[in-house]
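Peer 1: So the sequences go chain by chain: L and R.
If you count by the numbering used here, then the first sequence holds residues -16 to 158, one letter each, in order.
If you count by the numbering used here, then the second sequence holds residues -16 to 158, one letter each, in order.
Using N, Cα and C, we set each Cβ at its ideal position, and we do this for glycine too.
There are 2 protein chains.
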Amino acid sequence: MRVLGVDPGLTRCGVGVVEGVPGRPCTLVAYHVMRTDPDDELPRRLLLLDRALTDLVAEHRPESVAVERVFSQHNVRTVMGTAQASGIAVLAGARAGLPVQTYTPSEVKAAITGSGQADKAQMTAMVTRLLRLAEPPKPADAADALALAICHIWRGGTRSKLAAAADRVRRGGAR
Amino acid sequence: MRVLGVDPGLTRCGVGVVEGVPGRPCTLVAYHVMRTDPDDELPRRLLLLDRALTDLVAEHRPESVAVERVFSQHNVRTVMGTAQASGIAVLAGARAGLPVQTYTPSEVKAAITGSGQADKAQMTAMVTRLLRLAEPPKPADAADALALAICHIWRGGTRSKLAAAADRVRRGGAR
């Protein structure tokens, strides 16, 4: 299974492509960090992001896409841009006809390190080890996108039934 | 000048198309409220929204698009979906090669009613009057999208230099 993971952001958007099957070591296919200029206007930034993601999906032909879920508890200054970028990422996968799954940061951390509270250094170290890379991905933003892809593969391409159920309850309560 | 205004939302997304020139009464072209099912998965909801907006832009051939700016102070339960929907709306305009402008709710209220604190009933009444409609737009969600389009026309298709400058300062401070 080949998965394209996206750590969404407007200024920096990490993309990681990984191949593997549940319970086995994964293989790195590619990673990128796309940037858009904070001085540019929003429409142009979203358009560049959309094009770059659409191109990467076409180039790497993943079977599914995993995108980090954005919460309003995130940094308030950047959360709107991050949410918009995540919408563009989810749409890019959906427009290509691919299944798109979102994961919370703590789901990804737990899947990769065994702890939902792992810090950035721990995550980068584990991603480097799991993909048997000679050195950590650079820029470091790519590590989160690779972690998302690994998490999605290990989950067998679906979120756990427990997480999905918890989500339904949460959404039900929020309506 | 023909403008397509979007009041973004994931469950309900208002779209209003208005024609006019600054300082003259505007004419209603069309309005729609698109809905997506809250029980549907996010990728499908964003895809439906993208398709509907892309179709409306192709059908009505506006010269520019105006989208309400989303703030993190909005309803926390729905703000992420609203931000993602706004990203999709901005992208739909940009992908069609159109200039896209965002306005804060108070900019729109001030342009339409003279007060940035106008309530929903005042806004609907003014939009009905300004477009010389026999009755208020139904559903009411469409009124905000029509107000955005009118605001954009009256601003001459650009945000005021003052607002743009204030925005640059704000963004500069947030970096």
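How many angstroms separate the CA atom of R158(R) from the CA atom of G(-1)(R)?
Peer 2: Bear in mind that a pLDDT of 34 at R158(R), under 50, signals an unreliable position, so the model cannot answer this.
Peer 1: Just the C-alpha distance for G156(L) and T(-6)(R), rounded to the nearest angstrom, thanks.
Peer 2: For G156(L), the pLDDT reaches just 46, beneath the cut-off of 50, and the residue's location in the model is therefore unreliable, leaving the point undetermined.
Peer 1: So what's T61(R) in DSSP terms, helix, strand or just coil?
Peer 2: coil
Peer 1: Kindly provide the ranges of any alpha helix (DSSP H) runs that are 4 or more residues long and lie completely inside the region 70 to 111 of chain R, ordered along the chain.
Peer 2: 88 to 96
Peer 1: Under 8 Å by Cβ, that's how I've got L129(R) and L114(R) pegged, so tell me the actual separation to the nearest angstrom.
Peer 2: Between L129(R) and L114(R) the beta-carbon gap is near 7 Å, inside 8 Å, which marks them as a contact.
Peer 1: List the residues of chain L whose Cβ lies closer than 7 Å to the Cβ of P26(R), in chain order.
Peer 2: Close to P26(R), with beta-carbon spacing below 7 Å, are these residues of chain L in chain order: V73, G76, A77, V83.
Peer 1: Is there a C-beta anywhere in chain C that falls below 8 Å from the one on S69(L)?
Peer 2: Here chain C cannot be found, since the structure's protein chains are L and R.
Peer 1: How would you list, in chain order, the residues of chain L whose beta-carbon sits under 7 Å from the beta-carbon of V53(R)?
Peer 2: Within chain L, the residues near V53(R) are M63.
Peer 1: Using a Cβ-Cβ cut-off of 7 Å (strictly less than) and excluding sequence neighbours within five positions of A72(R), which residues of its own chain qualify?
Peer 2: V(-11), P(-9), L36, V50
Peer 1: Let's see if you can read the secondary structure: which residues bound the beta strand (DSSP E) around S(-4)(L)?
Peer 2: Sequence inspection shows Cys at residue -4(L); the Ser mentioned does not correspond to that position. Counting along the chain, the beta strand (DSSP E) containing C(-4)(L) begins and ends at -5 to 2.
Peer 1: Where does D(-10)(L) sit, in a helix, a strand or coil, going by DSSP?
Peer 2: strand
Peer 1: Between D38(R) and P119(L), what straight-line distance do the alpha-carbon atoms span, to the nearest angstrom?
Peer 2: 44 Å
Peer 1: How long is the line joining the alpha carbons of A126(R) and G(-3)(R), rounded to whole angstroms?
Peer 2: 8 Å
Peer 1: Straight-line CA distance for L(-13)(L) to E42(L)?
Peer 2: 11 Å
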